[in-house]
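Take a look at the structure below.
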Amino acid sequence: MKRNGSSGNLIRPEQGDGSACGKKERGKNMKAIWYLFTIGVILAAIALSAGCTDYMPSPVGGYMITDNNVTHQKWMSEYLEDPEKFKTNPENPLEWTLKGMSSVAAGGRHEEALEYYDIAIGLDPEYAFPYYEKAFSLLILQRYDEGEECLEKAVEINPQYEPLAKRIRSDFIRKES
1 MKRNGSSGNL IRPEQGDGSA CGKKERGKNM KAIWYLFTIG VILAAIALSA
51 GCTDYMPSPV GGYMITDNNV THQKWMSEYL EDPEKFKTNP ENPLEWTLKG
101 MSSVAAGGRH EEALEYYDIA IGLDPEYAFP YYEKAFSLLI LQRYDEGEEC
151 LEKAVEINPQ YEPLAKRIRS DFIRKES
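Residue numbers (the UniProt record's numbering): 1 to 177.
As structure tokens, this is what we get:
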């Protein structure tokens, strides 16, 4: 969200002037965001299949987010050893996060994805990745305050998410005229 310079209030996309031009531009922005997210999911799948276990790729300019947490690296390793486990292993937050991402990629089922992200967060509240993915779904659903909270939490846990959080915020901010 963007702050109005004089009042400090947040400016959200739905606060536009309501003109057809504004609606068309928001539609184009949402389409661009969807394409960006889809490309990110594809890049993540390629990286996972290539055996990259100590980072999670992002769709923003090749920026990589490392996770030095040994447990989180272990989850990624377990996933690579047996990708089918993500359908049956209820104790691995990475797998629940991937399940949420799959729901989004398989038809934009963001509400369903939120349930998976919440399970992942419940299993390990100090794992930043599900907070970031949850923020994306919340912002797509126009639940801006909740989305911002999740972005802030992801950055708090792992500051390397800041460039991604900045990018995703800018994708949902109405440009001031």
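Heads up, the beta-carbon is just placed ideally off N, CA and C, and yes, glycines get one too.
Coarse secondary structure for residue i, derived from DSSP in three states
i      : result
Pro-83 : helix
Pro-90 : coil
Enclosing alpha helix (DSSP H) for residue i [first to last residue]
i       : result
Arg-169 : 162 to 171
Gly-100 : 93 to 105
Option nearest residue i by Cα separation, candidates the options
i       : options                           : result
Arg-167 : Leu-94, Leu-141, Leu-151, Asn-158 : Leu-151
Tyr-117 : Leu-98, Gly-108, Glu-126          : Leu-98
Tyr-161 : Glu-133, Asp-171, Leu-138         : Glu-133
Asn-92  : Ala-106, Lys-74, Arg-109          : Lys-74
Gly-122 : Trp-96, Gly-107, Glu-112          : Trp-96
Gly-108 : Tyr-131, Leu-94, Asp-82, Phe-136  : Phe-136
His-110 : Pro-83, Met-76, Gly-147           : Gly-147
C-beta atoms of residue i and residue j nearer than 8 Å
i       : j       : result
Ala-128 : Ile-157 : yes
Asp-171 : Ile-33  : yes
- Item | Continuous beta strand (DSSP E) assignments of at least 3 residues falling wholly in the stretch 109 to 151 | Counting only runs of 3 or more, we get nothing.
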